[in-house]
Amino acid sequence: MTPAELTDIYRDYIACLNRQDWPALGKFVHDEVVHNSQSFGLTGYRAMLERDFREIPDLRFDIELLISEPPRVAARLKFDCTPAGTFLGLAVNGRRVSFCENVIYEFDGAKIRQVWSVIDKAAIEAQL
Numbered sequence: 045m046t047p048a049e050l051t052d053i054y055r056d057y058i059a060c061l062n063r064q065d066w067p068a069l070g071k072f073v074h075d076e077v078v079h080n081s082q083s084f085g086l087t088g089y090r091a092m093l094e095r096d097f098r099e100i101p102d103l104r105f106d107i108e109l110l111i112s113e114p115p116r117v118a119a120r121l122k123f124d125c126t127p128a129g130t131f132l133g134l135a136v137n138g139r140r141v142s143f144c145e146n147v148i149y150e151f152d153g154a155k156i157r158q159v160w161s162v163i164d165k166a167a168i169e170a171q172l
């Protein structure tokens, strides 16, 4: 797979998340996906994302930086949202916060098999 092809797949994945098109998630995510060294499987990964959208009703994934070097994609995702209650152990309670997530994905073919993710919690704390 070329870097451009992997980039297109990743952008389609982000669009799927933003549409909350959960039935299509399996097109992009491997059945045995691992997130931060924890085996989630597709079902657990989907449950995590659905929970995120319940807790952050205006959640939107915006790609700020994207690097594709097959079989990996590295991205800096930007968020500007209003978590309804507690988020990352912080009492946000509907206040608007902006923060980034630095994430690396490893693909198995056209599907995400591994995810390593770090959210900039300090940026949220500084806004509260």
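45 is the number of the first residue of the sequence shown in my numbering; add one for each residue after it. Even for Gly, the Cβ is constructed at its ideal location relative to N, Cα and C.
Local Cβ density within 10 Å of residue i, reported as buried at 16 or more and exposed below that
{"i": "P47", "result": "exposed"}
{"i": "I107", "result": "exposed"}
{"i": "P101", "result": "exposed"}
{"i": "S112", "result": "buried"}
{"i": "V162", "result": "exposed"}
{"i": "R119", "result": "In the sequence on display, residue 119 carries Ala and not Arg. A119 should be labelled buried."}
{"i": "P67", "result": "exposed"}
{"i": "L132", "result": "exposed"}
{"i": "L109", "result": "exposed"}
{"i": "L121", "result": "buried"}
{"i": "L172", "result": "exposed"}
For residue i: DSSP bridge partner residues
{"i": "T51", "result": "According to DSSP, which records beta bridges pairwise, T51 is partnered with nothing at all."}
{"i": "E150", "result": "R116, Q158"}
{"i": "I163", "result": "E145"}
Rounded separation between residue i and residue j - CA only
{"i": "V147", "j": "W160", "result": "6 Å"}
{"i": "R63", "j": "R104", "result": "9 Å"}
{"i": "K155", "j": "K71", "result": "7 Å"}
{"i": "M45", "j": "G85", "result": "24 Å"}
{"i": "L50", "j": "P114", "result": "7 Å"}
{"i": "V117", "j": "Y54", "result": "8 Å"}
Coarse secondary structure for residue i, derived from DSSP in three states
{"i": "L61", "result": "helix"}
{"i": "L132", "result": "coil"}
{"i": "L172", "result": "coil"}
TODO: Tell me the start and end of each unbroken beta strand (DSSP E) in the stretch 71-126 that is at least 3 residues and wholly inside, in chain order.
DONE: Counting whole runs of 3 or more residues, the stretch 71-126 contains the beta strand (DSSP E) stretches 73-79, 106-113, 116-125.
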